[in-house]
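What follows is a short report on a single structure.
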Amino acid sequence: MGPLRSFAFGKFVFAIAFSCSTLVMGLDANAGVQWCEEDPVFLVNGALLDITTAFPALYQDTIKEPVAIELLVPTNAVATVVSLPGAVPMTAKISKALPATGLLSLGVPVVVKVTVKASASFDTKTKVTGTYLWLSSTAYGKSNVTTQVSYTLIGL
């Protein structure tokens, strides 16, 4: 058996081993926990702010009150709610509670507070994403406890 034949035989054996391992590993595939996500959108000084709150879908029936989202912005900011999704009841509140920023400031500080009141205790995840999608901030929390995320929004 020459070097060319052994090389071809090696490729054949590798292909068979790869195919078998792919089939065997696929039998035990498990997707894990299915998450329920809600993502209201706010507009702050002309920049979009997407707030994604996620929790295990298994606990959706234990939610007692609408998910409460409070957005704290500087006193001189212009902010409004653009959309609220409807799969899970939700309330949105904008509070001008942070100190005013300078007119030439590129960043607008915002604080997001999320409360998920439920009859069970479970993990939550809140992600805040601004106009530029690669700039985001994530916080992990629990139901019945307010999760707070601080973020600097790049204005237009």
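The numbering used here puts the first residue of the sequence shown at 221, with every later residue one more than the last. Cβ atoms here follow ideal geometry from the backbone N, Cα and C, with glycine treated the same way.
- Of the candidates 370, 306, 273 and 291, 273 places its Cα closest to the Cα of residue 343.
- DSSP places residue 329 in the uninterrupted beta strand (DSSP E) bounded by 327 to 335.
- The beta carbon of residue 276 sits closer than 8 Å to the beta carbons of 253, 254, 255, 256, 342 and 343 from its chain, once the five residues preceding and following it are set aside; these are given in chain order.
- The beta carbon of residue 373 sits closer than 8 Å to the beta carbons of 264, 265, 267, 269, 327, 328, 329, 330, 350 and 351 from its chain, once the five residues preceding and following it are set aside; these are given in chain order.
- Residue pairing from DSSP places residue 312 in a beta bridge opposite 289.
- Note on residue 260: 16 or more other CB atoms within 10 angstroms of its CB, so buried under the neighbour-count rule.
- Looking at the DSSP output, residue 283 sits in a beta bridge with 338.
- Here residue 271 is not near residue 308, since their CB atoms are 8 Å or more apart.
- Annotated three-state conformation of residue 274 is strand, per DSSP.
- Beyond the five residues adjoining it in sequence on each side, residue 311 comes within less than 6 Å, by CB distance, of 286 and 288 in the same chain, given in chain order.
- For residue 228, the secondary structure class from DSSP, reduced to helix, strand or coil, is helix.
- Separation of residue 322 and residue 348 (C-alpha to C-alpha, rounded to the nearest whole angstrom) is 23 Å.
- The C-alpha of residue 306 is placed about 24 Å away from the C-alpha of residue 357.
- Contact check for residue 338 against residue 279 passes: the beta carbons are separated by less than 8 Å.
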